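Below is one structure, written out as structure tokens; the observations come after it.
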Amino acid sequence: MFEKDSRKDAKTQRNRPEARRGSVAGKSLLPVLFFLIFCAGASAAAPADASAAHALYDKGDFAGARAAYEALIQAGPWSANLFYNLGNAAFRQGEKGAAFLAYERALALEPGHPEAQANLRFLREETGAKLPGTSWVDRALAHPAGNTAGWLAAAAFWGICFSLAPLAWRRRAAGAPALLCALALGWSGAAIWWQNSQGALWIVTAPIATARTEPADNAAATAKLPVGSHVHLLLERGAWLNVRLPDATKGWLARDAAEPVRLAR
Amino acid sequence: MKSLFFASLRLCVSFLLGAGFLVMSGAVEAAAPAASATLSSSSTEVGSPVELRITVEGSDKAAPPTVRAEGLDIRYAGTSSQFQMNNFDVTRSVTFTYVVTPQKEGTFTIPELQIAAGRQTLSTQPLQLAVASGQAGSGGKVGATAKETFASAEWVLPKTAAYVGEAVPAELRLYVDARVQCQLPQLPSVAGDGFTVQKVGQPQQRNVTKDGREWILAIFKTALTPVKAGKLTLPAAEINAVVVLPPKRQRLPNMDDFFNDPFGAFSQPQQAVIRPDPVEMEVKPLPVDGRPKGFSGAVGQFTLETKAAPARVRAGDPVTLTCVIKGVGNFDRMEAPVAAETPGWRAYPPSGKFKADDEAGISGAKTFEQALIPEASKTELPAVTFVFFNPSSERYETLTGERLPLVVDGTSAAPAPAPAAVASAASATPPPPPPVHDIQYLRVDPGTVAAGFDPAWRTRGFWAAQSLPLAALLALGGWQWRRTRQNDSLLRRASRLRQAKVEAQRVLQQAETNAADFYDAAVRVLQLETALGRFAAGGEPGAVDAEAACASRPLDCETAEGVRRLFATHDELRYAGVGSGSSAPVYPDQRERVLQLLAQFEKSHV
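From first to last, the protein sequence lines stand for chains E and C.
For the first sequence, the working numbering assigns the number 904 to the initial residue and increments by one for each residue that follows.
For the second sequence, the working numbering assigns the number 22 to the initial residue and increments by one for each residue that follows.
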């Protein structure tokens, strides 16, 4: 009889408010997620005022506007809008390679930038830029991109920790959140691995770039890449780049025919 | 045959010589004779001679005239002839030189002279000579020691009456004696109240003859704009110059100019300040009556041209409206033409650029460029108007720009067709315009600052941020460990209380239990039950009395009264001593009532 009462008491204890608090360790996951998301979106400095450059663009002084945007980018801080506007100015000047590069950089900073996506679509239709074929695995691992994958992985990891922490003090773990976080961690981790394994993304900025079998001008040409085409850098050797071409083959491109998307400060 | 050849040659040579003679003689005859008289200086001092030169051009047959003038001793000094031929243009001239020595102070006139040149009689212009006795003349002076006018300045205006804001071209003319070496280290300074002055430009120079003297004339062009009404004096001007004056010595009229060179080695450069005489201008205010709305202060005569590019845009893309205002007036006070209507348009401030056609900067074209962004469907750009005051017609005039057509694509609302167009379109619907493909417009919002292109997990900030959830996890673990320890002690106490309660209930069930032990066990059950109900608050069960037991839970009156009686019976049996019935057995009905009371007490627990 005593044992029975004792088990009932244990249930009663768990249902009491003060005791129930102990079982909600998994709910601490939310603040952690909010914190990490805040960290991901936190900015150290205010965006630069580009109104003067906008005014030059509106007046049709695209060269002046482009120079102004480049000066702002040089001075920092960076924002996707700055690169996007730079791309517009370059496009208005007729420099599609520079426009492609600026739009790609805007997307690298903010993968969901709608105007940069739209303008890239427009330019690719115009130039026939070649992109690597994507399977559903590629598409799945290409998202989340960049910083989002890192922060998502961190949030998922801490989510798992907080969800399973009650097990340490003999409480019931938050199983569903832990499972969800484990899936997110696996996805984001795989995305990070996949994105790193692809090599740095470069954009063809020359009107037509010729990929060759060897790093020599007289080597056989393997492909002609229109401006805006994507290549992934495998090796850099002098004035030549060994790249993975959009058709997944390898080739050599002249160094001045392409530019890396990622900029170093 | 040979003789025929030489005869032909002679004929040709004769023809050529004759033609040349005719050309030369014709040229000589074409230049009409003229006479002029000049003085080497129009001012001098008593006893200081000057040179009078009478030049007859186009004839070498003139005779020197006799020259007489009151107060002047004029003596003939000689004659020189000149012959020049330039591309069959032959010029002949003869110059008669006289030495003029003033006899007294004053202004003397050398009268018009009649010179017989062949069959013609030529006349010279009268000359004036100012003779001083040692006092300085008017005009430019060098320091305090100069005694001769060597330079002068004057304002030259096309009009002496103007409106407020009207740009009046002005010339500041500087005359410098040709014998004086003069340098201007800086441009004239012009400043004065009531006028704005355009920047004075570089001067134009030429030689002129004035009052019988050779002068170097420098013309500084500018524009004066009165800013208030009334009778205003033109701004004071100062021309700073460095001059080298001729040495004060007697001229030698009979000697060549080489020996009379006024700029000898002994001349010294000196600073000089030349100021023009003040000039007044009547300035009228702009009329208030009839002043149109939108007048921004432009005064002059202007024309307006407008153009726009591109003629087809997407909604949200800019159209550059260019307004060119040409004419003469005060361009510096001119503001951009204003759009007649602006709803549906987002306009940026216009920028102006002026290109002058003259040195004074009052004639030219000012180009205003304004970016207009259609925010809705539009078929034409807003018309612009420009208002100015025309001082010639003395009234305000309004120029209206052309309504420029525009096609705006990408709007949800289609442009409303004109009624006439609707009627005509009933029979034939025009094909829709082809879709315009273009890039999206700028993102003018600043956007979110990005840390960089490196993945977040490669940055220090990322790993530093992980310390916070780690700290939170550790804090949560510590807090839970502390709570668990506290809960364990409470549970152990509750277990002890329950154990004691079970022991007491076992006593209540025993039939041989006497009344004292029975009631003692019953009260013990009540106390333990009360203590279990508030075990988290602590406290010993023995300290629970009847009132505390009743207050621990909601009891009906009968149960509460039963609890009080139970405690009272217990106290009576325990503390009343031997003979109080404490060793008496407990009757079944009595036991039943107590057990029911205890059951009721337990049920009432919340």
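The beta-carbon is built from N, C-alpha and C at its ideal position, and this holds for glycine as well.
These figures come from a predicted structure and were not determined experimentally.
Note down the Cα distance separating residue i from residue j, rounded to an integer number of angstroms.
{"i": "Q611(C)", "j": "N535(C)", "result": "12 angstroms"}
{"i": "D459(C)", "j": "A1167(E)", "result": "31 angstroms"}
{"i": "V565(C)", "j": "A552(C)", "result": "8 angstroms"}
{"i": "L134(C)", "j": "F171(C)", "result": "27 angstroms"}
{"i": "A970(E)", "j": "R296(C)", "result": "50 angstroms"}
{"i": "L325(C)", "j": "F407(C)", "result": "8 angstroms"}
{"i": "R504(C)", "j": "L529(C)", "result": "37 angstroms"}
{"i": "R1008(E)", "j": "G967(E)", "result": "21 angstroms"}
{"i": "A581(C)", "j": "H591(C)", "result": "15 angstroms"}
{"i": "K1153(E)", "j": "R1165(E)", "result": "21 angstroms"}
{"i": "Q103(C)", "j": "R113(C)", "result": "6 angstroms"}
{"i": "R1024(E)", "j": "G482(C)", "result": "34 angstroms"}
{"i": "A258(C)", "j": "L178(C)", "result": "14 angstroms"}
{"i": "A620(C)", "j": "A496(C)", "result": "45 angstroms"}
{"i": "A83(C)", "j": "V115(C)", "result": "8 angstroms"}
{"i": "P358(C)", "j": "V345(C)", "result": "9 angstroms"}
{"i": "A605(C)", "j": "A537(C)", "result": "8 angstroms"}
{"i": "L1070(E)", "j": "R555(C)", "result": "29 angstroms"}
{"i": "A151(C)", "j": "L93(C)", "result": "11 angstroms"}
{"i": "K522(C)", "j": "C578(C)", "result": "25 angstroms"}
{"i": "P1163(E)", "j": "A1151(E)", "result": "18 angstroms"}
{"i": "L60(C)", "j": "K347(C)", "result": "48 angstroms"}
{"i": "W484(C)", "j": "L463(C)", "result": "35 angstroms"}
{"i": "N228(C)", "j": "L238(C)", "result": "6 angstroms"}
{"i": "F409(C)", "j": "T421(C)", "result": "12 angstroms"}
{"i": "P539(C)", "j": "V607(C)", "result": "It is Phe, not Pro, that sits at residue 539(C) in the sequence shown. In a straight line, the C-alpha of F539(C) is about 7 angstroms away from that of V607(C)."}
{"i": "K374(C)", "j": "Y960(E)", "result": "18 angstroms"}
At which residues does the beta strand (DSSP E) containing residue i begin and terminate?
{"i": "G1062(E)", "result": "Element bounds for G1062(E): not the beta strand (DSSP E) but the alpha helix (DSSP H), N1050 to L1067."}
{"i": "R113(C)", "result": "D110 to P123"}
{"i": "S372(C)", "result": "S372 to A377"}
{"i": "W176(C)", "result": "A172 to V177"}
{"i": "W1172(E)", "result": "For residue 1172(E) there is no data in the structure shown, the boundaries of chain E being 904 and 1168."}
{"i": "L150(C)", "result": "L148 to A153"}
{"i": "Q289(C)", "result": "Element bounds for Q289(C): n/a, residue is neither H nor E."}
{"i": "D1120(E)", "result": "That residue, D1120(E), is in no beta strand (DSSP E); it is neither H nor E in DSSP."}
{"i": "E2(C)", "result": "Shown here, chain C extends from 22 to 627; a query on residue 2(C) therefore has no answer."}
{"i": "A1103(E)", "result": "Neither: A1103(E) is in no beta strand (DSSP E) and is coded neither H nor E."}
{"i": "A567(C)", "result": "A567(C) -> not in any beta strand (DSSP E); alpha helix (DSSP H) instead, spanning A567 to A572."}
{"i": "A1157(E)", "result": "K1153 to A1157"}
{"i": "T1108(E)", "result": "Careful: T1108(E) lies outside any beta strand (DSSP E) and carries neither H nor E."}
Just to confirm the assignment, what range does the alpha helix (DSSP H) spanning residue i have?
{"i": "T580(C)", "result": "C578 to Y596"}
{"i": "D610(C)", "result": "P609 to K624"}
{"i": "I976(E)", "result": "F965 to A978"}
{"i": "S1091(E)", "result": "G1078 to S1100"}
{"i": "S954(E)", "result": "S954 to D961"}
{"i": "E401(C)", "result": "From DSSP, E401(C) is part of no alpha helix (DSSP H); its letter is neither H nor E."}
Inset, instruction - With a floor of 3 residues, list each beta strand (DSSP E) that falls wholly inside the segment 199 to 233 of chain C, ordered by position along the chain. - result: The qualifying runs are 202 to 204, 210 to 212, 216 to 218 and 225 to 231.
Inset, instruction - Mind checking the segment 1153 to 1166 of chain E against chain C and listing, in chain order, the residues whose C-beta falls within less than 8 angstroms of any C-beta there? - result: V1164, R1165 and L1166
Inset, instruction - Answer yes if the segment 1018 to 1034 of chain E comes into contact with the segment 1057 to 1077 of chain E, meaning at least three C-beta pairs across the two stretches below 8 angstroms, and no otherwise. - result: Not touching, per the Cβ criterion.
Inset, instruction - Could you please tell me which residues of the segment 469 to 481 of chain C, in chain order, have their CB closer than 9 angstroms to any CB of chain E? - result: T469, V470, A471, A472, G473, F474, D475, P476, A477, W478, R479 and T480
Inset, instruction - Inspect the CB distances between the segment 1069 to 1083 of chain E and the segment 1112 to 1130 of chain E and report whether three or more fall short of 8 angstroms. - result: no
Inset, instruction - Please list the residues of the segment 377 to 404 of chain C that have a C-beta atom closer than 8 angstroms to any C-beta atom in chain E, keeping them in chain order. - result: Those residues of the segment 377 to 404 of chain C placed with their C-beta closer than 8 angstroms to a C-beta in chain E are E390, A392 and I394, ordered along the chain.
Legend entry - Uninterrupted alpha helix (DSSP H) stretches inside the segment 457 to 536 of chain C (no shorter than 4 residues): 481 to 530
Inset, instruction - Examine the Cβ distances between the segment 114 to 128 of chain C and the segment 67 to 83 of chain C and report whether three or more of them are shorter than 8 angstroms. - result: The segment 114 to 128 of chain C is in contact with the segment 67 to 83 of chain C.
Legend entry - Minimum length 3: unbroken beta strand (DSSP E) runs contained in the segment 321 to 373 of chain C: Listed in chain order, the complete beta strand (DSSP E) runs (minimum 3 residues) inside the segment 321 to 373 of chain C are 321 to 330, 333 to 335, 340 to 350 and 366 to 368.
Legend entry - beta strand (DSSP E) runs wholly inside the segment 974 to 1050 of chain E, at least 3 long, in chain order: Those beta strand (DSSP E) runs which fall completely within the segment 974 to 1050 of chain E and span 3+ residues do not exist here.
Inset, instruction - Tell me, please, whether the segment 335 to 350 of chain C touches the segment 216 to 228 of chain C by the rule of three or more beta-carbon pairs shorter than 8 angstroms. - result: no
Legend entry - Proximal residues, the segment 182 to 195 of chain C versus chain E, C-beta separation under 9 angstroms: none
Inset, instruction - Check whether the segment 422 to 431 of chain C touches the segment 329 to 338 of chain C, counting contact only when three or more Cβ pairs, one atom from each stretch, lie closer than 8 angstroms. - result: yes
Legend entry - Touch test, the segment 993 to 1006 of chain E against the segment 1089 to 1099 of chain E, Cβ-Cβ under 8 angstroms, three pairs minimum: no
Legend entry - Cβ pair count under 8 angstroms reaching 3, the segment 1095 to 1113 of chain E against the segment 1129 to 1147 of chain E: yes
Legend entry - Proximal residues, the segment 481 to 496 of chain C versus chain E, C-beta separation under 7 angstroms: F483, A486, Q487, L489, P490, A493 and L494
Inset, instruction - Examine the Cβ distances between the segment 300 to 316 of chain C and the segment 245 to 252 of chain C and report whether three or more of them are shorter than 8 angstroms. - result: Because the criterion of three Cβ pairs below 8 angstroms is met, the segment 300 to 316 of chain C and the segment 245 to 252 of chain C touch.
Inset, instruction - Taking only beta carbons into account, state which residues of the segment 1139 to 1151 of chain E come closer than 8 angstroms to chain C, listed in chain order. - result: none
Legend entry - Inter-stretch contact (C-beta, 8 angstroms, three-pair minimum) for the segment 971 to 983 of chain E and the segment 1137 to 1145 of chain E: no
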